[in-house]
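Per full-length UniProt numbering, residue 1 is the first one in the sequence shown, and the count goes up by one each step.
Think of the CB as a built atom: it goes at the ideal place given N, C-alpha and C, for glycine as much as any other residue.
This report concerns only the one structure given below.
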Amino acid sequence: MNPAISNLVIILFLVQAAKKIDFENPLVMTSARGAYILSNLIILGAYAYINMKINAKKDLTVIKYVEPAPMGSAEEPKAVVTTIYDYDRGQLKQLIRSTLMGVGMMCVMHFYFKYTNPLVIQSIIPLKGLFEGNLVKIHLLNKPASGELKRPWKANSGIMGAMQQGEIKTDKKSVEKAEKSTRGGAKEE
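Here it is, written out as structure tokens:
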């Protein structure tokens, strides 16, 4: 099942279930907060373990690809030359940043605006998303990095995927063309 569709089904179910939860009861509220905190600790713990695995492997295999220009930008697509080690670390940094931003937004929604229902949804959806991520599949579930898991990965079909006007190209002709137009390509850090 497509992750976006399954997320929608889960969200619709959880919204209805959250309406029936008595958040006025302090024990229920504490339990909901605890579930949310536990969920995020599991996610951050998994990311810490993945970071250890990335550092242990330290795969210095070079990968080249063409990163599409941002949507609405007059920039040319740029060639990127990096290693699997650097690519995975960059992807992990994005995931950690995304998780921490989500926690920050949830804190504002819960403590400032007094929303309680999102605690239930945000305790489950990010945890589900964790196990759908490519880094988890490769480094935690030990799946081979081939097919859909071959680096570089396609952009997510969510908001960030919609912000790009093309997809990542890895064919030799596209890489050489982008390298020539950007005077040798850009080394990703």
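(message) Quick check on this structure: which residue in 180, 152 and 179 has the alpha carbon closest to the alpha carbon of residue 61?
(response) To locate residue 61, count along the sequence shown from 1; it is residue 61. Of 180, 152 and 179, the residue nearest in Cα terms is 152.
(message) If you follow the beta strand (DSSP E) that residue 63 is in, where does it begin and where does it stop?
(response) Working through the sequence shown from its first residue, we reach residue 63 at position 63. Looking at the DSSP string, the run of the beta strand (DSSP E) that includes residue 63 is 62-67.
(request) Report back the beta-carbon spacing between residue 66 and residue 169 to the nearest angstrom; my notes put them in contact at under 8 Å. (result) As a working note, residue 66 is residue 66 in the sequence shown. As a working note, residue 169 is residue 169 in the sequence shown. Confirmed, about 4 Å.
(request) Just mark residue 206 as buried or exposed, buried being the case when its beta carbon has 16 or more other beta carbons within 10 Å. (result) Nothing about residue 206 can be reported from this structure: the residues present for the chain run from 1 to 189 only.
(message) Can you tell me whether residue 89 is buried or exposed? The criterion is at least 16 other CB atoms within 10 Å of its CB, across all chains shown.
(response) The residue labelled residue 89 in the question sits at position 89 within the sequence shown. Flag for residue 89 reads buried.
(message) Quick check on the burial criterion: 16 or more other C-beta atoms within 10 angstroms. Buried or exposed for residue 55?
(response) Within the sequence shown, the letter at position 55 stands for residue 55. Exposed, since its Cβ has fewer than 16 Cβ neighbours within 10 Å.
(message) Need the endpoints of the beta strand (DSSP E) that residue 83 sits in, please.
(response) As a working mapping, residue 83 is identified with position 83 in the sequence shown. Per DSSP, residue 83 belongs to the beta strand (DSSP E) from 78-83.
(request) Go through the segment 69-156 residue by residue and report every complete run of the beta strand (DSSP E) that reaches 3 residues or more, in order. (result) Counting only runs of 3 or more, we get 78-83.
(message) Need the endpoints of the alpha helix (DSSP H) that residue 10 sits in, please.
(response) Stepping through the sequence shown from its first residue, residue 10 is reached at position 10. Boundaries of the alpha helix (DSSP H) around residue 10: 3-19.
(request) Would you kindly check if the distance between the Cβ of residue 116 and the Cβ of residue 29 is under 8 Å? (result) Here residue 29 corresponds to residue number 29 of the sequence shown, with the count starting at 1. Here residue 116 corresponds to residue number 116 of the sequence shown, with the count starting at 1. Between residue 29 and residue 116, the gap from beta carbon to beta carbon is short of 8 Å.
(request) Determine the contact status of residue 123 and residue 47, defining contact as a CB-CB distance below 8 Å. (result) For the purposes of this step, residue 123 is taken as residue 123 along the sequence shown, with counting starting at 1. For the purposes of this step, residue 47 is taken as residue 47 along the sequence shown, with counting starting at 1. Judged by beta-carbon spacing, residue 47 lies beyond the 8 Å limit of residue 123, meaning their Cβ atoms are not closer than that value.
(request) Can you give me the start and stop residues for the alpha helix (DSSP H) that residue 30 sits inside? (result) Position 30 of the sequence shown holds residue 30. For residue 30, the enclosing alpha helix (DSSP H) covers residues 26-57.
(request) Could you tell me which of 50, 40 and 133 sits nearest to residue 3, measuring between CA atoms? (result) Here residue 3 refers to the residue found at position 3 when the sequence shown is read from its first residue. Looking at the Cα atoms, 133 is the closest of the given residues.
(message) So, for residue 154: in the same chain, excluding its five sequence neighbours on each side, which residues have a beta-carbon less than 7 Å away from its beta-carbon?
(response) In the sequence shown, counting from the first residue as 1, residue 154 sits at position 154. These residues qualify, in order along the chain: 167 and 168.
(message) Are the CB atoms of residue 110 and residue 100 within a distance shorter than 8 Å?
(response) Locating residue 100 in the sequence shown gives position 100, counting from the first residue. Locating residue 110 in the sequence shown gives position 110, counting from the first residue. Not a contact, by the Cβ cut-off of 8 Å.
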